[in-house]
Amino acid sequence: MSQNLNGSWVNSYGSKMDLLVVEGGAIVGQYSSTTGSTGIYSVIGQCSPKTPQEGKGLAVVLSIYWHPINAETPDESWHWVSTYCGQLLGAGELSVTNSLVATCDFNGFSSGDYIDKLAFQKVSNVSDTFVSLVHFESEGVVFDNPINGEWVGVNPEVQLSLTVTNNHYGLVQGVAKYQDTMITLKGFTDTGVNDLGRQSISVCGYMRGRNVPVSLSGWLDISNNSLQLSRWIANATSPENVYYQSDVESWLLRKSNRKDY
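This is the structure:
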């Protein structure tokens, strides 16, 4: 069923998303927005690599960095990220909760975490050509960034390691230890934060013990060196139980000098 995600998708706002499922349920893609700022944005995500139970959807999480790859004139929304959490309900319907992390004011909107329900309809089984940014990860190269390092949860008990792998595109990868499970994560962080005081982040991975895709989204509070995150888990449900598809939990983490995982 994961191959049903491949192709082009359009939502009620007229925005278009092209997705491609690769090895292990990992997802790459691009997003063409027609609301607020316009441009082409990169997508990294994860779906369940296993066939869902009969009558249930395919759980999906996506990370989007609202820094366009095709524009030169910046605005404040370039600092923002989103997590999409939901499921593919059928061959032609993608239902997600959008958590838009705004780390600064823009276009009349204050900073905050904005939640919206989005529905995408498939318009093509073949996606438009796009550049997968995962090819631009720089293994072994350290980019100086305050989000790099080891983080320990104040509540709940969790450990998180993060490393920026491409400064230009805001690529970040990491590993989380949560509920006795190691979760490999990939996604985006705002590498042009300047003097905002908050640095956005959205990363995705797969929790094998529970067979669920996971996303972390939120921001680094630079003033007190803490991570304020929302942990999103996508659940596969039947159509009548779709309100259970997005499970969210608040995380607070602080920087640690430990390096034991």
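For what it's worth, our numbering labels the leading residue of the sequence shown as -17, then goes sequentially.
Glycine included, C-beta positions come from ideal geometry on N, C-alpha and C.
Q12: member of the beta strand (DSSP E) spanning A8 to S15, first to last residue.
Looking at the backbone, the Cα of V10 and that of S30 are separated by about 14 Å. In the DSSP assignment, I183 falls within the beta strand (DSSP E) that extends over R180 to M189. By the neighbour-count definition (other C-beta atoms within 10 Å, threshold 16), S45 is a buried residue.
Here G21 is bridged, per DSSP, to S15. Contact between G74 and Q103 holds, with the beta-carbon distance rounding to 6 Å and staying under 8 Å. Our two residues, G135 and V105, have alpha carbons roughly 42 Å apart in a direct line. Beta-bridge partners assigned by DSSP to N137: L234. A straight line joining the alpha-carbon of Y13 with that of R180 spans about 24 Å. Excluding residues up to 5 positions away in sequence, T163 lie with their Cβ nearer than 6 Å to the Cβ of G191 in the same chain. Comparing alpha-carbon positions, the option among G72, D87, F91 and A101 lying closest to Y(-5) turns out to be A101. Below 8 Å, enough C-beta pairs join the stretch 169 to 177 and the stretch 146 to 160 to call them touching: three or more.
Contact between the stretch 76 to 92 and the stretch 214 to 230 is present: 3 or more CB-CB pairs across the two stretches fall below 8 Å.
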